[in-house]
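Before any comments, here is the structure.
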Amino acid sequence: MRVGRHAFDTPQARSYTAAVSEAYLVRPAQHTLAEAGALLAVERKSLGDSPYTAREILKVLRRPEHYAYVACLGSMVVGFCSCFETASDQGSRLELDMLGVLAAHRHRGLGTALVRTSMSEALRRGVREFRAVVAVDNVASHLVFLGAGLVALPHRFDMMIYEISGRRPLGFLPEGWSWHAGGLGRPEPTSDGLASGRETHTLKDQAGAIAAMAQCLQVHTLAYRGLWLEKLWGASRRATRLAARAVVERAKVLGLDEIGYLAPSRGDADDQASNSAALLREGYKRVGSYHVFKARRA
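1203 is the number of the first residue of the sequence shown in this note's numbering; add one for each residue after it.
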């Protein structure tokens, strides 16, 4: 089955027919407890990443930056795509975060339809940049994102994670050093008092010179609440480690679950690859190899 350029015939939904003539519907997820429970049931059978309850899923679905779409056969939810908007250097970017389809309904174009729907609706909102981060061994998702028009970057990335296991703040600054966190991208405040935008952390040494900088995105997915460490620079390995620790302390203050960082697997692929050793020494863990898929529309 081929899905057209636009995944909706109307702004609300598009009905289409699979190879076995079963009519499916792709539509926005409803912000109800019943729909959240149905989506969670698909997630648990297809991905199994979320520790959340249906009420916690509903809370995420209601966030202003979050958009989710479901594939239905009759009244049954059989697939979903969860995504959210973040700030980027070019404006807003849609993160195509979680994609799941029940095993009995795979190989019928539902994954591609869900991704294309997510992208076409984002285009209507003015979003022009799209990204997906996919495990290297997840070949099925690779094909879905390629089919939806995204392109894989030429090098792989190592996913590095720091899991927050305690909330007690720890002192980390050397005497005379200072750390400042400031917002970028005009983040939107939400009902829980947290923001969905980007913030920059600046670390200064005892002479007042900038020793390190880190740029983070606060994200709320269907599986965790965390900070994505988008950029990290340090004038020295010590300064880089201090910046990485500063981000950990920031995540504690915000009550988040984890911090994630994508480090290029090849040392010559990106200057930030040298950050890996510093992060590992600070308690971050390497959890797998990933491809990054991107697309930009005019």
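In this text, a Cβ means the ideal position worked out from N, Cα and C, and glycines have one as well.
query	result
H1307 vs L1275 beta-carbon contact at 8 Å	yes
N- and C-terminal bounds of the alpha helix (DSSP H) containing S1252	Premise fails: S1252 is in no alpha helix (DSSP H) and is neither H nor E.
Integer-rounded CB distance, given that L1296 should sit under 8 Å from A1324	4 Å
Inter-residue CB distance, R1303 and V1280 (contact presumed, cutoff 8 Å)	Per the sequence shown, residue 1303 should be read as Val rather than Arg. About 7 Å separates the two Cβ atoms, so the contact holds.
Own chain residues within Cβ distance below 6 Å of D1251, not counting five before or after	A1425
Selection from N1477, G1410, S1367 that minimises the alpha carbon distance to E1451	S1367
At least three beta-carbon pairs within less than 8 Å, the region 1356 to 1366 to the region 1478 to 1494	yes
Inter-residue CB distance, V1336 and F1282 (contact presumed, cutoff 8 Å)	Not quite, the Cβ-Cβ distance comes to about 16 Å (not below 8 Å), so this is no contact.
Assigned secondary structure, T1423 (DSSP; H/G/I helix, E/B strand, else coil)	coil
As assigned by DSSP and simplified to three states, the class of T1319	helix
Whether L1298 touches V1329 by CB criterion (8 Å)	no
Per-residue DSSP class, three states only, for V1338	coil
Cβ neighbour criterion (16 or more within 10 Å) applied to M1278	exposed
Exposed unless 16 or more other CB atoms sit within 10 angstroms - verdict on P1371	exposed
T1288, DSSP secondary structure in three states	strand
T1442 - partner residues in DSSP beta bridges	According to DSSP, T1442 bridges with nothing at all.
Length of the line joining the Cα atoms of R1499 and Q1292	12 Å
T1423 to E1331 span [Cα, whole Å]	19 Å
Coarse secondary structure for V1329, derived from DSSP in three states	coil
Rounded straight-line distance, which links the Cα of S1467 to that of S1380	32 Å
Beta strand (DSSP E) segment containing A1256, residue limits	No beta strand (DSSP E) holds A1256; the alpha helix (DSSP H) holding it covers 1256 to 1263.
Whole-angstrom C-beta distance between H1382 and V1449, which should lie under 8 Å	Between H1382 and V1449 the Cβ distance is about 13 Å, and since that is not below 8 Å, they are no contact.
Reference E1432; option with closest CA among R1439, Y1463, A1413	Y1463
Spatial distance of G1313 from Y1486 (CA atoms)	32 Å
Sub-8 Å separation of L1419 and A1289 beta-carbons	yes
Local conformation of Y1491 per DSSP, three classes	Per the sequence shown, the amino acid found at residue 1491 is Ser instead of Tyr. The answer is strand: DSSP assigns S1491 an E or B state.
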